[in-house]
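Accompanying notes for the structure given below.
Residue numbers (mature numbering (1 follows the signal peptide of the UniProt record, and there is no 0)): -22 to -1, 1 to 152.
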């Protein structure tokens, strides 16, 4: 019985393994209009798409001990273009974080954001969107006692940002 169970587990573990073509489908890129260079966002546009709303929210809602960072994130598993701008704002949570989260949501809604994820996207947690940019707010998993406000821009930057790290934007947020 143990031997049969072992063989079954090995078969299940190896069942997903197989060869795959490492070259992407050449026609797949052509079907996404945002991959066309005339629709690409410059580095500055991709940055402004997420940094500007982060600054607006932090100025509208009093948050304690605010820090933030901007980075480019690849929109695929290969770490290749297209990239999106990403911002994470961390802030100290008060005793009643629900009121702070509600204040952030209200500030975003007042600035023209819509509740929920954009059509065709699945976002885990409380999210809002505006013009192709998604915002999420909730506890910061890596840092108990802190909240996180995250912005994800459109996957329209064709630069090569695979080896770049985050840039501190705390000064812009305060």
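The beta-carbon is built from N, C-alpha and C at its ideal position, and this holds for glycine as well.
**OP:** Check residue -4 in the structure and name its three-state DSSP category.
**Re:** The residue labelled residue -4 in the question sits at position 19 within the chain shown. Legend: pLDDT at residue -4 = 35, less than 50; position of this residue unreliable, value from coordinates given subsequently. The answer is coil: DSSP assigns residue -4 none of H, G, I, E or B.
**OP:** Could you have a look at residue 71 and say whether DSSP puts it in helix, strand or coil?
**Re:** On the chain shown, position 93 is the one that residue 71 refers to. Here residue 71 sits in coil by DSSP.
Original post:
Is residue 42 helix, strand or coil by DSSP?
Top reply: For the purposes of this step, residue 42 is taken as residue 64 along the chain shown, with counting starting at 1. Three-state result, residue 42: strand.
Subject >> Between the CA atoms of residue 74 and residue 51 - distance to the nearest angstrom >> reply: Your numbering for residue 51 matches position 73 in the chain shown. Your numbering for residue 74 matches position 96 in the chain shown. The alpha-carbon atoms of residue 51 and residue 74 are separated by roughly 32 Å.
**OP:** Could you check how far apart the C-beta atoms of residue 132 and residue 27 are, in whole angstroms? I think they sit under 8 Å.
**Re:** As a first step, residue 132 is located in the chain shown; it is residue number 154 there, counting from the start. As a first step, residue 27 is located in the chain shown; it is residue number 49 there, counting from the start. About 7 Å; that satisfies the 8 Å criterion.
Subject >> Endpoints, alpha helix (DSSP H) assigned at residue 149 >> reply: Start at 1 with the first residue of the chain shown, and residue 149 comes out as number 171. Residue 149 -> alpha helix (DSSP H) spans 148 to 151.
**OP:** Measure the C-alpha to C-alpha separation of residue 124 and residue 72 and round it to an integer number of angstroms.
**Re:** If you number the chain shown from 1, residue 124 lands on position 146. If you number the chain shown from 1, residue 72 lands on position 94. Rounded to whole angstroms, residue 124 to residue 72 spans 9 Å at the Cα level.
Original post:
How many angstroms separate the CA atom of residue 118 from the CA atom of residue 147?
Top reply: Here residue 118 refers to the residue found at position 140 when the chain shown is read from its first residue. Here residue 147 refers to the residue found at position 169 when the chain shown is read from its first residue. Cα-Cα distance, rounded: 18 Å.
Original post:
On the three-state DSSP scale, how would you describe residue 97?
Top reply: Within the chain shown, numbered from 1, the residue matching residue 97 stands at position 119. Three-state result, residue 97: coil.
Subject >> Burial state of residue 22 (16 or more Cβ within 10 Å) >> reply: Start at 1 with the first residue of the chain shown, and residue 22 comes out as number 44. With a 10 Å radius around the Cβ and a threshold of 16 neighbouring Cβ atoms, residue 22 comes out exposed.
Original post:
Residues in its own chain within less than 7 Å of residue 101 by CB, not counting five upstream and five downstream?
Top reply: Locating residue 101 in the chain shown gives position 123, counting from the first residue. Cβ neighbours of residue 101 beyond the five flanking positions: 95, 112, 114.
Subject >> Short Cβ contact (7 Å threshold) for residue 67 with residue 127 >> reply: Looking up residue 67 in the chain shown gives position 89. Looking up residue 127 in the chain shown gives position 149. It is a contact, given that the beta carbons lie within the stated cut-off.
Subject >> C-alpha distance - residue 108 paired with residue 86, whole-angstrom precision >> reply: Against the chain shown, residue 108 aligns to sequence position 130. Against the chain shown, residue 86 aligns to sequence position 108. Roughly 9 Å separates the two Cα atoms.
Original post:
Skipping 5 residues on each side, what residues in its chain have a beta carbon closer than 8 Å to that of residue 151?
Top reply: As a working note, residue 151 is residue 173 in the chain shown. 32, 33, 36, 44, 45, 46, 67.
**OP:** Give every residue of the same chain whose Cβ lies closer than 8 Å to the Cβ of residue 89, excluding the five residues on either side of it in the sequence, and list them in chain order.
**Re:** Translated into the one-based positions of the chain shown, residue 89 becomes position 111. Within the same chain, residue 89 has close Cβ partners 31, 34, 35, 38, 108.
Subject >> residue 108 - containing beta strand (DSSP E), residue span >> reply: Locating residue 108 in the chain shown gives position 130, counting from the first residue. It spans 104 to 108 - the beta strand (DSSP E) in which residue 108 sits, taken as one unbroken run.
Original post:
Going by Cα to Cα distance, which pick from 144, 141, 137 is closest to residue 17?
Top reply: Working through the chain shown from its first residue, we reach residue 17 at position 39. Here the closest residue by C-alpha is 137.
Subject >> Given residue 25 as reference, the closest of 63, 103, 120 once Cα atoms are compared >> reply: Looking up residue 25 in the chain shown gives position 47. Considering only alpha carbons, the answer is 63.
Subject >> Outcome for residue 77 when other beta-carbon atoms lying within 10 angstroms are tallied against a minimum of 16 >> reply: For the purposes of this step, residue 77 is identified with residue 99 of the chain shown, where counting begins at 1. Burial call: exposed.
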